[in-house]
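Student:
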Amino acid sequence: MTEKKNQYLRDWETTELQKSLDRFPERKEKFYCHGGRPVERIALPETIDTQYTENQGVPGRFPYTRGVQPTMYRGRFWTMRQYAGFSTAAESNKRYRYLLDKGQTGLSVAFDLPTQIGYDSDDPISLGEVGKVGVAIDTLADMEVLFDKIPLDKISTSMTINSPAMVLLAMYIVVAEKQGVSADKIRGTIQNDILKEYVARGTYIFPPKPSLRLITNIFQWCSGNAPLFNTISISGYHIREAGSTASQEVAFTLANGITYVQTALDAGLELDVFARRLAFFFNASSNLLEEVAKFRAARRLWARIMKDRFKSQNPASMMLRFHTQTAGSSLTAQQVDNNIVRVTIQALAAVLGGTQSLHTNSRDEALSLPTEDSVQTALRTQQIIAHESGVPDSVDPLGGSYYIEQLTDKIEEEAVSLIEQIDKSGGVVAAIETGFIQGQIEDAAYQYQTEIERKERIIVGVNKFQVDEETKVPVLRVDPAIEDEQVQGLTRLKAERDQERLQNALEQLEIAARSESNLMDPVIAAVREYGSLGEICGVLRRVFGEYQARW
Amino acid sequence: MNTRGKLRVLIGKPGLDGHDRGAKFIARALRDAGFEVIYTGIRRTPDQIAAAAVQEDVAAVGLSSMSGAHLKLFPAVVKALANAGGPDIPVLGGGVIPDEDIVLLKEQGIASIFTPGTPVAAIIEAFTQACEQHLSGRVE
Numbered sequence: 000m001t002e003k004k005n006q007y008l009r010d011w012e013t014t015e016l017q018k019s020l021d022r023f024p025e026r027k028e029k030f031y032c033h034g035g036r037p038v039e040r041i042a043l044p045e046t047i048d049t050q051y052t053e054n055q056g057v058p059g060r061f062p063y064t065r066g067v068q069p070t071m072y073r074g075r076f077w078t079m080r081q082y083a084g085f086s087t088a089a090e091s092n093k094r095y096r097y098l099l100d101k102g103q104t105g106l107s108v109a110f111d112l113p114t115q116i117g118y119d120s121d122d123p124i125s126l127g128e129v130g131k132v133g134v135a136i137d138t139l140a141d142m143e144v145l146f147d148k149i150p151l152d153k154i155s156t157s158m159t160i161n162s163p164a165m166v167l168l169a170m171y172i173v174v175a176e177k178q179g180v181s182a183d184k185i186r187g188t189i190q191n192d193i194l195k196e197y198v199a200r201g202t203y204i205f206p207p208k209p210s211l212r213l214i215t216n217i218f219q220w221c222s223g224n225a226p227l228f229n230t231i232s233i234s235g236y237h238i239r240e241a242g243s244t245a246s247q248e249v250a251f252t253l254a255n256g257i258t259y260v261q262t263a264l265d266a267g268l269e270l271d272v273f274a275r276r277l278a279f280f281f282n283a284s285s286n287l288l289e290e291v292a293k294f295r296a297a298r299r300l301w302a303r304i305m306k307d308r309f310k311s312q313n314p315a316s317m318m319l320r321f322h323t324q325t326a327g328s329s330l331t332a333q334q335v336d337n338n339i340v341r342v343t344i345q346a347l348a349a350v351l352g353g354t355q356s357l358h359t360n361s362r363d364e365a366l367s368l369p370t371e372d373s374v375q376t377a378l379r380t381q382q383i384i385a386h387e388s389g390v391p392d393s394v395d396p397l398g399g400s401y402y403i404e405q406l407t408d409k410i411e412e413e414a415v416s417l418i419e420q421i422d423k424s425g426g427v428v429a430a431i432e433t434g435f436i437q438g439q440i441e442d443a444a445y446q447y448q449t450e451i452e453r454k455e456r457i458i459v460g461v462n463k464f465q466v467d468e469e470t471k472v473p474v475l476r477v478d479p480a481i482e483d484e485q486v487q488g489l490t491r492l493k494a495e496r497d498q499e500r501l502q503n504a505l506e507q508l509e510i511a512a513r514s515e516s517n518l519m520d521p522v523i524a525a526v527r528e529y530g531s532l533g534e535i536c537g538v539l540r541r542v543f544g545e546y547q548a549r550w
Numbered sequence: 000m001n002t003r004g005k006l007r008v009l010i011g012k013p014g015l016d017g018h019d020r021g022a023k024f025i026a027r028a029l030r031d032a033g034f035e036v037i038y039t040g041i042r043r044t045p046d047q048i049a050a051a052a053v054q055e056d057v058a059a060v061g062l063s064s065m066s067g068a069h070l071k072l073f074p075a076v077v078k079a080l081a082n083a084g085g086p087d088i089p090v091l092g093g094g095v096i097p098d099e100d101i102v103l104l105k106e107q108g109i110a111s112i113f114t115p116g117t118p119v120a121a122i123i124e125a126f127t128q129a130c131e132q133h134l135s136g137r138v139e
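Residue numbers (numbering that gives the first Met the number 0), protein chains in the order written: chain A, 0 to 550; chain B, 0 to 139.
(1) Measure the Cβ-Cβ separation of Val-132 (chain A) and Asp-111 (chain A) and say whether it is below 7 Å.
(2) Work out the CA separation of Ala-59 (chain B) and Gly-4 (chain B) for me, nearest whole Å.
(3) Within 7 Å (strictly less), CB to CB, does Val-36 (chain B) reach chain A?
(4) How about Ser-316 (chain A) and Ala-443 (chain A): are their beta carbons less than 7 Å apart?
(5) Between the alpha carbons of Gly-21 (chain B) and Lys-93 (chain A), how many angstroms are there, rounded?
(6) What is the rounded straight-line gap between the Cα of Ser-135 (chain B) and the Cα of Gly-11 (chain B)?
(7) List, in chain order, every chain B residue whose beta-carbon is nearer than 9 Å to that of Ala-365 (chain A).
(8) For the segment 192-205 of chain A, list every residue whose C-beta sits within 9 Å of some C-beta in chain B, in sequence order.
(9) Quick check: the Cα distance between Ser-19 (chain A) and Met-305 (chain A), rounded to an integer number of angstroms?
(10) Hey, does Leu-91 (chain B) have any beta-carbon neighbour from chain A nearer than 7 Å?
(11) For a test of the three-state rule: what should DSSP assign to Leu-55 (chain A), helix, strand or coil?
(12) Look at the alpha carbon of Gly-34 (chain A) and the alpha carbon of Ile-384 (chain A), and state the distance between them as a whole number of angstroms.
(13) Quick one: what's Glu-35 (chain B) bridged to in DSSP?
(14) So, is the C-beta of Arg-30 (chain B) closer than 7 Å to a C-beta in chain A?
(15) On a CA-only basis, which of A:Gln-405, A:Gly-187, A:Pro-150 is nearest Ala-292 (chain A)? Give me that one, please.
(16) Which same chain residues end up closer than 6 Å to Lys-413 (chain A) when comparing Cβ atoms and leaving out the 5 residues on each side of it in sequence?
(17) Mind the definition here: the segment 388-407 of chain A touches the segment 429-438 of chain A only if three or more C-beta pairs lie below 8 Å; say whether that holds.
(18) To the nearest angstrom, report how far apart Asn-216 (chain A) and Ile-481 (chain A) are at their CA atoms.
(19) Ala-42 (chain A) to Leu-357 (chain A), Cα distance in whole Å?
(20) Using the three-state DSSP reduction, which class does Pro-37 (chain A) fall into: helix, strand or coil?
(21) Quick one: which unbroken beta strand (DSSP E) runs of 3-plus residues sit fully inside the segment 304-331 of chain A? Chain order, please.
(22) Return the chain-ordered list of same chain residues with a C-beta closer than 6 Å to the C-beta of Gln-17 (chain A), the five sequence neighbours on each side being excluded.
(23) Does the separation of the CB atoms of Asp-271 (chain A) and Gln-312 (chain A) fall below 7 Å?
(24) Taking only runs of the alpha helix (DSSP H) that begin and end inside the segment 384-452 of chain A, which ones reach a length of at least 4 residues, in chain order?
(25) Can you find a CB in chain A that lies within less than 7 Å of the CB of Lys-23 (chain B)?
(26) With contact counted as at least three CB pairs below 8 Å, one residue from each stretch, are the segment 478-498 of chain A and the segment 98-114 of chain B in contact?
(27) Under 7 Å, CB to CB, which of the residues in the segment 424-453 of chain A have a partner in chain B?
(28) Across the segment 506-524 of chain A and the segment 163-177 of chain A, are there enough close Cβ pairs to call them in contact, namely three or more that are closer than 8 Å?
(29) Could you tell me whether the Cβ of Thr-331 (chain A) comes closer than 7 Å to any Cβ of chain B?
(30) Identify whether Pro-113 (chain A) lies in helix, strand or coil by the three-state DSSP scheme.
(31) Could you tell me the distance, in whole angstroms, from the CA atom of Ala-110 (chain B) to the CA atom of Gln-81 (chain A)?
(32) In three-state DSSP terms, what is Gly-61 (chain B)?
(33) Rank A:Ala-254, A:Phe-279, A:Ile-535, A:Thr-490 by C-alpha distance to the C-alpha of Thr-188 (chain A) and give the top, closest one.
(34) Helix, strand or coil for Ser-222 (chain A), going by three-state DSSP, please let me know.
(35) With a Cβ-Cβ cutoff of 7 Å, do Val-36 (chain B) and Ala-26 (chain B) count as a contact?
(36) List the residues of chain E whose Cβ lies closer than 9 Å to the Cβ of Thr-44 (chain B), in chain order.
Right, here's the structure in full:
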């Protein structure tokens, strides 16, 4: 071992590593294989030169290529967090308690589409969508039922909500408060990532400018009041699902991240106060090694952007922490059990890539929402990787592979080049308005699907190895009657509220929206009066207008 | 492929679902196959889709839904087409749709339903047939 390596490593061991071990002791005193051979915490090259320290380095240290924590999963496994929610708040509450009972370690709330687009269940536009892809939340009353008997000081909750994120966060804060948990104790994440909605996911409400203001208001309010809450989950997941390549996923996600940081800086927020609460969300597709390289490249590139472009001084701001979900679009309706294998490969990519939390899709999701049995298998897949595969026992076990390192470099280069193109064209908002980003994704999606049609790309069970299937797969159906139930419940509640106080709260919100002030407090006030999501977003729609996509 | 000039079709996304990778792929594949395709974009109401279909004088409408709202929304488009003056425009649909629902949708006037994994050639063929049937009906 060279002296230089000793010095670099000794430094890391006595600083980052020691600090981490003091705070989070490793899961086991000794990690060893069957037979007793010890498992190295991290395998390192024989010679550590500056090229190595600048590009790979050690986990928990810039540029974080090998992981954001010094011990990674030797300290603690990733959070196993299954995205769930459907039908009513009461039904979803049951599913959450089922998942927690099965050993899940965090919640992830799926809202139905009307909720995600800021409409009440009784709005005519909500027809057919109530409770379908997630839980229907109209007012605080629904949120109280959703988290009934779930202690919000112990459980972290991720909420997939974007345009109306502020309203749902406000409801969460008030529910926690009613449980006796103050805002500074709540942990979790709101997705709150509007830019990718315009290009990939579609649940936008307002135009970009006021949307970015809402996001910045949330950053600011949470910095002071809910410092443990991740205020955004900058998401490549949906960009990839819409058909992008791995490099495009990294590029467009980090370009969106740059936009959020710049907007917050322009509003006068302090970089190293808000930037540490930025989280990311990526897709894990089936190309195992490309995906591992993608996660590593994203981590390194974000660290460099924060350090070089934004001059961050705080390591916590440079660390790209991310959630991963396996690729829904890769699941097939044919031979559904094959999906368990796909999900296993994808989950393994996420773990080899150093994810902080993971959702594994269920086998039957190309047919409908997953049944309880399928969800259990999906969670078990994570538990098997955690407890049986041995992969979590050594940090970044693929690091140093010629192939992985080359691919990591390549993906970073491609992403940098795309980000430069976006910068040159005037930034992300301009690139959305010209359709540049949408066009890139659409071309990649078309190419991919064309390869499948031509059988240049084989999807097992779909364009090769097909069988005649007769056995029926049981599917989960959302009872169509719940739409009426939800609407009736909302009608009753709307009649019972203190109208005067509610109207006053909504007026105050409108005044605030027309000014420059932070909207969090007025939204919380309206939520407390059981103002509905549709009413609150209605006020904001009046003030901000609605985004009109061009096709 | 056809002797009447370009066949015009409309691809629509009814409801609030934003998953349009499939819809956009089909639109582009139909274009490549010689169709003239109007894509409505996401988050359209049944009435908006029907009005666009009648106004653009299309020979078939294709709908896509991935959110599970197809049982309400697809028949609503059929009804809206009838009200908008296009009662005989055939409606085809695709998305995450369980087998049992296909029967129900066909009973309510949806001509064909395509589920994930359907080869695009089969979809193009179904659109061609639907259009030609519609146009020949009109001539008679």
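Glycine included, C-beta positions come from ideal geometry on N, C-alpha and C.
Tutor: According to the data block:
(1) The answer is yes: Cβ separation under 7 Å.
(2) In this structure, the alpha-carbon of Gly-4 (chain B) lies about 15 Å from that of Ala-59 (chain B).
(3) Chain A, which has no Cβ nearer than 7 Å to the Cβ of Val-36 (chain B), makes this no.
(4) Ser-316 (chain A) is not a Cβ neighbour of Ala-443 (chain A), given a cutoff of 7 Å.
(5) Each residue's alpha carbon lies about 33 Å from the other.
(6) Those two C-alpha atoms are separated by around 24 Å.
(7) By Cβ distance, chain B contributes Val-95, Thr-114, Pro-115, Gly-116.
(8) Contact annotation: in the segment 192-205 of chain A, residues whose CB is within less than 9 Å of a CB in chain B are Glu-196, Ala-199, Arg-200, Gly-201, Thr-202, Tyr-203.
(9) C-alpha separation (whole angstroms): 22 Å.
(10) Taking Cβ atoms only, chain A never reaches closer than 7 Å to Leu-91 (chain B), which makes this a no.
(11) Per the sequence shown, residue 55 (chain A) should be read as Gln rather than Leu. Gln-55 (chain A) carries a coil assignment under DSSP once its states are collapsed to helix, strand and coil.
(12) Gly-34 (chain A) and Ile-384 (chain A) have their C-alpha atoms some 20 Å from each other.
(13) Answer by DSSP bridge pairing, in chain order: B:Arg-7.
(14) Judged by the 7 Å Cβ criterion, Arg-30 (chain B) is not in contact with chain A.
(15) Measuring from the Cα of Ala-292 (chain A), the nearest candidate turns out to be A:Gln-405.
(16) Inspection of the sequence shows that residue 413 (chain A) is occupied by Glu rather than by Lys. For Glu-413 (chain A), where only same-chain residues beyond five positions count, the Cβ hits under 6 Å are Ser-246.
(17) The segment 388-407 of chain A vs the segment 429-438 of chain A: no contact.
(18) Asn-216 (chain A) and Ile-481 (chain A) have their alpha carbons spaced roughly 35 Å apart.
(19) Cα to Cα, Ala-42 (chain A) sits roughly 24 Å from Leu-357 (chain A).
(20) In the three-state DSSP reduction, Pro-37 (chain A) falls in the strand class (E or B).
(21) Entirely contained in the segment 304-331 of chain A, the beta strand (DSSP E) runs reaching 3 residues are, in chain order, 321-325.
(22) Counting only Cβ-Cβ distances below 6 Å, and skipping sequence neighbours, we find nothing.
(23) In this structure, Gln-312 (chain A) lies closer than 7 Å to Asp-271 (chain A) by Cβ.
(24) Here the runs fully enclosed are 401-423, 427-432, 435-452.
(25) Closer than 7 Å to some Cβ of chain A, the Cβ of Lys-23 (chain B) qualifies, so yes.
(26) Segments in contact, no.
(27) Only those residues of the segment 424-453 of chain A whose C-beta falls short of 7 Å from the nearest C-beta of chain B are listed: Glu-441, Ala-444, Tyr-445, Gln-448, Glu-452.
(28) Contact annotation: the segment 506-524 of chain A touches the segment 163-177 of chain A, with at least three C-beta pairs closer than 8 Å.
(29) Thr-331 (chain A) counts as touching chain B.
(30) It is helical.
(31) If I take the Cα positions, the gap works out to 37 Å.
(32) Note: Gly-61 (chain B) maps to strand in three-state DSSP.
(33) With distances taken between CA atoms, Thr-188 (chain A) lies nearest to A:Phe-279 out of A:Ala-254, A:Phe-279, A:Ile-535, A:Thr-490.
(34) Helix.
(35) In this structure, Val-36 (chain B) lies near Ala-26 (chain B), with their beta-carbon atoms less than 7 Å apart.
(36) Of the protein chains in the structure, A and B, none is chain E.
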